[in-house]
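**Student:** Below is the structure I would like to discuss, written out as structure tokens.
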Amino acid sequence: MVTTVTETPVSSELSPAPRVSKWWGLVVVALGLAMIVMDGTIVAVSLPTIINDLHLDITDAQWVNSLYSIVFAALLLTTGNLGDRLGRRNIFIIGILIFLAGSLWAARSNSAEMLISARALQGIGGACILPSTLSTVNAVFRGKDRAAAFGVWGAVMSGAAALGPLLGGWLTSSFSWQWIFYVNIPVGLLLIVAALIAMPETRSGDKSPGFDIDGLLLSAVGFGALVFAIIEGASIGWWKPIAELRLFGLTWGTDMAISIVPILLVVAAVALTLFVFGEKHRAKVKRSALLDLHMFFTPTFSWGNVAAMMIAVGEFGLIFVLPLFLINAIGLGTLGAGFVLATMAAGAFISGAMARHLAALIGAAGTVVVGVSLEIIGVITLAFVVSADASPITIGGVLIIYGVGLGLAAAQLTSTVLEDLPVALSGQGSATESTVRQIGSALGSAVVGAVLSVGLAHYLGKMTGPAEQFSDATRQSAGGAIAGLRDSHGPEGVIRDLSEAFASATQWALMGGLAFLILGLIASLRVLQVSRQAAPAPDASADEDDPLAEPVGADA
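If you use my numbering, the sequence shown corresponds to residues 3 to 558, in order.
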């Protein structure tokens, strides 16, 4: 029989349960997480094939790639709150059903509009799944098992993102691009059955009246507009429109006086400000609120979210720039680039196994500091080895080191952020951190992409001779022109010069990502400081052998 846990802000009635139940539940949660995280990166390498098959223009292609993340970020707070109130396993299963509907729709798409709307539906499903996985882990695991569970969660989170391009390249080259969506169907159906059998149900004991519809709308508009503006600013113009924006028959042309991006940033600022005041008012009159603002008075939570955002900017900036370098400057195919990037996943999975033991020695917050430090070492080393002649094996070796740090930081930072929150706030807390990560990931692509563009303008602007005529095309295509010249057997000297310029610009981009990782390290050190100050005295109830430390009901 399925286990059920009901949390209350004060206490919970818990029964001893076989240890196997919660570990099988963790497997289900991890597979659900892997499916949605991988879907955020699997499309990128298949996009050129999709463009040719469906005759997409560049605007359509950008929406296919980014709408998933925009919808995902906009709804996380709402779905996290729904999980708290209605049951996290219930929302997890609903999310999978929605995600599978979007996947089937995407695989059957024969037009840009159909594929874009399918990606939006996938984003809704993903937003239901992610906070449910994280809050379930936070609610179920206590004592010595907590570090191990969060280690698995973090390794999957980091590793799946790195494996996405590899799986996408293999499915597209071996079968067709439709299979990057079809593959979700059997996995999702299996997960629904497994969740009903093995995943414990947890929910908050909050019985506040009403549902925060105003908060739902304001947070969706605010975070959606913010993430959209960040993702699309570089391509359509931060102030003046430099390209048309078209979606579902509506067009914002280049003849407009101002780009839509600053307008959306104002909309985001107004909506989120009203959201904060609205949440304060609902708390004051004791009605249900989408976000409990008192969470931010918990130092580990507030500083942990600062660290999460800074680290996400650096990490996703690296994921953005590396495939471009590997394919355009070095000349690898999509599958080869996927294999190199998969070394990050290998490092993350290795660190997932290490995390529990390291956290037992130096604590979760200390493990985060070690992880971010390893990431910084990896990026600095990578900046030194990046060149047009760089060996993919060497880059892969450096990325293993980086991946180890990535896994340690992702898993234990999440554990630290949620550690001091009441279990009843797991959904809100995990959704808040996930939203912060999504905003950071969007910022990472935008900021590091902008640094790459500036670097390309600098190095390509100094070109002379035959390579000079290709400099503008190389900059505007983010290096794609180099791959085109290579495929058409262009002049070796020109390809060499352009590749070196792109490698130098990549070093600039890596330094841009490094700056945010350093800020993340500073914030992580602050988390370590406040976690030590707030560390409670040892409590026997935290012992993994105590039945009350196992927040799952008995299986019947």
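The beta-carbon is built from N, C-alpha and C at its ideal position, and this holds for glycine as well. Just so it is clear, the structure is predicted and the values come from calculations on it, not from any experiment.
Give the C-beta separation of Leu458 and Thr476 to the nearest angstrom, bearing in mind that I take them to be a contact with Cβ-Cβ under 8 Å.
**Tutor:** Within the sequence shown, numbered from 1, the residue matching residue 458 stands at position 456. Within the sequence shown, numbered from 1, the residue matching residue 476 stands at position 474. Confirmed, about 7 Å.
**Student:** Looking at the secondary structure, which residues open and close the beta strand (DSSP E) in which Arg205 lies?
**Tutor:** Reading the sequence shown from its first residue, position 203 is the one you call residue 205. Element bounds for Arg205: 203 to 205.
**Student:** Let's see if you can read the secondary structure: which residues bound the alpha helix (DSSP H) around Trp254?
**Tutor:** For the purposes of this step, residue 254 is taken as the residue at position 252 of the sequence shown. Where Trp254 is concerned, there is no enclosing alpha helix (DSSP H), although the beta strand (DSSP E) it sits in stretches over 252 to 254.
**Student:** Kindly list the residues whose CB is nearer than 8 Å to the CB of Leu328, restricted to its own chain and excluding five residues on each side of it in sequence; keep chain order.
**Tutor:** As a first step, residue 328 is located in the sequence shown; it is residue number 326 there, counting from the start. These residues qualify, in order along the chain: Leu334, Gly338, Ala339, Val342, Leu343, Pro394, Ile397.
**Student:** Do you know how far the Cα of Thr302 is from the Cα of His283?
**Tutor:** Working through the sequence shown from its first residue, we reach residue 283 at position 281. Working through the sequence shown from its first residue, we reach residue 302 at position 300. Rounded to the nearest whole angstrom, the CA to CA distance from His283 to Thr302 is 25 Å.
**Student:** So is Phe298 buried or exposed if we call it buried at 16+ other beta carbons inside 10 Å?
**Tutor:** If you number the sequence shown from 1, residue 298 lands on position 296. So Phe298 ends up on the exposed side.
**Student:** For Leu191, tell me which candidate among Gln180, Ile98, Phe143 has the shortest Cα-Cα distance.
**Tutor:** Looking up residue 191 in the sequence shown gives position 189. Per the Cα distances, Ile98.
**Student:** Quick one: residues in its chain with C-beta nearer than 7 Å to the C-beta of Ala151, no 5 flanking neighbours on either side, listed in chain order?
**Tutor:** The count along the sequence shown starts at 1 and reaches residue 151 at position 149. Excluding positions up to five away in sequence, the list reads Leu28, Val139, Phe143.
**Student:** State the start and end residues of the unbroken alpha helix (DSSP H) segment that holds Pro325.
**Tutor:** For the purposes of this step, residue 325 is taken as residue 323 along the sequence shown, with counting starting at 1. Looking at the DSSP string, the run of the alpha helix (DSSP H) that includes Pro325 is 301 to 326.
**Student:** Ignoring anything shorter than 4 residues, give me the alpha helix (DSSP H) runs that lie fully in the region 161 to 228, in order along the chain.
**Tutor:** 181 to 184, 186 to 200
**Student:** What residue from Ala412, Tyr184, Arg498 has the CA that sits closest to Asn307's CA?
**Tutor:** Residue 307 sits at position 305 when you count from the first residue of the sequence shown. When each option's Cα is compared against that of Asn307, the closest is Ala412.
**Student:** Once you ignore the five residues that flank Trp254 on each side, which residues in its own chain have a CB closer than 6 Å to its CB?
**Tutor:** Within the sequence shown, the letter at position 252 stands for residue 254. Cβ neighbours of Trp254 beyond the five flanking positions: Leu247, Ile262.
**Student:** Just to confirm the assignment: which complete alpha helix (DSSP H) runs, minimum length 4, are found wholly within the region 427 to 509?
**Tutor:** You should have 428 to 463, 473 to 478, 482 to 489.
**Student:** Using 8 Å for Cβ pairs, my map puts Gly349 next to Gly405. What's the rounded Cβ distance?
**Tutor:** To locate residue 349, count along the sequence shown from 1; it is residue 347. To locate residue 405, count along the sequence shown from 1; it is residue 403. Right, the Cβ-Cβ distance comes to about 2 Å (below 8 Å), so this counts as a contact.
**Student:** Give a yes or no on whether the C-beta atoms belonging to Ser417 and Ala36 are separated by under 8 Å.
**Tutor:** If you number the sequence shown from 1, residue 417 lands on position 415. If you number the sequence shown from 1, residue 36 lands on position 34. Not closer than 8 Å, so no.
**Student:** Please confirm if the region 369 to 381 is in contact with the region 432 to 452, defined as three or more CB-CB distances below 8 Å between the two stretches.
**Tutor:** no
**Student:** Which partner residues does Leu123 have in the DSSP bridge list?
**Tutor:** Here residue 123 corresponds to residue number 121 of the sequence shown, with the count starting at 1. In DSSP, Leu123 forms no bridge with anything.
**Student:** Taking the alpha helix (DSSP H) that Ala108 falls in, what are its first and last residues?
**Tutor:** Translated into the one-based positions of the sequence shown, residue 108 becomes position 106. Its alpha helix (DSSP H) spans residues 90 to 109.
**Student:** Return the first residue and the last residue of the alpha helix (DSSP H) that Leu58 is part of.
**Tutor:** The sequence position of residue 58 within the sequence shown is 56, counting from 1. No alpha helix (DSSP H) contains Leu58, which DSSP labels as neither H nor E.
**Student:** What residues are listed by DSSP as bridge partners for Arg248?
**Tutor:** On the sequence shown, position 246 is the one that residue 248 refers to. Beta-bridge pairing links Arg248 to Thr253.
**Student:** Can you tell me whether Leu84 is buried or exposed, with buried defined as 16 or more other CB within 10 angstroms of its CB?
**Tutor:** Residue numbering aside, residue 84 sits at position 82 when the sequence shown is read from its first letter. So Leu84 counts as buried.
**Student:** Quick one: give me the first and last residue of the alpha helix (DSSP H) that His296 is part of.
**Tutor:** Residue numbering aside, residue 296 sits at position 294 when the sequence shown is read from its first letter. Looking at the DSSP string, His296 is not in any alpha helix (DSSP H), and its letter there is neither H nor E.
**Student:** Helix or strand or just coil, what does DSSP make of Ile260?
**Tutor:** Numbered from 1 along the sequence shown, position 258 holds the residue referred to as residue 260. Looking at Ile260 - three-state DSSP - the assignment turns out to be coil, as it is neither helix nor strand.
**Student:** Mind checking whether Leu410 and Ala309 have CB atoms under 8 Å apart?
**Tutor:** Within the sequence shown, numbered from 1, the residue matching residue 410 stands at position 408. Within the sequence shown, numbered from 1, the residue matching residue 309 stands at position 307. No, these two residues do not count as a Cβ contact at 8 Å.
**Student:** If Ala122 and Leu69 are in contact, beta carbons under 8 Å, what's the gap, nearest whole angstrom?
**Tutor:** For the purposes of this step, residue 122 is taken as residue 120 along the sequence shown, with counting starting at 1. For the purposes of this step, residue 69 is taken as residue 67 along the sequence shown, with counting starting at 1. Contact flag correct, Cβ pair sits at about 5 Å.
**Student:** Rounding to the nearest angstrom, what Cα-Cα distance links Ala295 and Gly128 in this structure?
**Tutor:** Your numbering for residue 295 matches position 293 in the sequence shown. Your numbering for residue 128 matches position 126 in the sequence shown. In the sequence as presented, Ala is not what sits at residue 295; that position holds Leu. Cα to Cα, the separation comes out at about 24 Å.
**Student:** Is DSSP giving Val278 helix, strand or coil here?
**Tutor:** Along the sequence shown, one-based indexing puts residue 278 at 276. In this structure, Val278 counts as helix in the three-state DSSP scheme.
**Student:** With three or more beta-carbon pairs closer than 8 Å as the criterion, would you say the region 167 to 178 touches the region 38 to 52?
**Tutor:** yes
**Student:** Excluding sequence positions up to five away, which residues of its chain have a Cβ less than 8 Å from the Cβ of Trp181?
**Tutor:** Numbered from its first residue, the sequence shown carries residue 181 at position 179. Closer than 8 Å at Cβ, skipping near neighbours: Ala109, Leu173, Thr174.
**Student:** Cβ of Glu377 within 8 Å of Cβ of Leu521?
**Tutor:** Translated into the one-based positions of the sequence shown, residue 377 becomes position 375. Translated into the one-based positions of the sequence shown, residue 521 becomes position 519. No, the Cβ-Cβ distance between Glu377 and Leu521 is not below 8 Å.
**Student:** Going by CA-CA distance only, name the one from Leu324, Gly235, Leu462 that's closest to Thr43.
**Tutor:** Start at 1 with the first residue of the sequence shown, and residue 43 comes out as number 41. Thr43 has its Cα closest to that of Leu324, out of Leu324, Gly235, Leu462.
**Student:** If you draw a straight line from the alpha carbon of Leu276 to that of Val39, how long is it in whole angstroms?
**Tutor:** The residue labelled residue 276 in the question sits at position 274 within the sequence shown. The residue labelled residue 39 in the question sits at position 37 within the sequence shown. Approximately 31 Å, taken between the alpha carbons.
**Student:** If Gln471 sits next to Val388, beta carbons under 8 Å apart, how far is it from one beta carbon to the other, in whole angstroms?
**Tutor:** Residue numbering aside, residue 471 sits at position 469 when the sequence shown is read from its first letter. Residue numbering aside, residue 388 sits at position 386 when the sequence shown is read from its first letter. Contact flag wrong, Cβ pair sits at about 25 Å.
**Student:** In chain order, what residues of the same chain lie with their CB nearer than 6 Å to the CB of Gly239, ignoring the 5 residues before and after it?
**Tutor:** Numbered from its first residue, the sequence shown carries residue 239 at position 237. Ser261, listed in sequence order.
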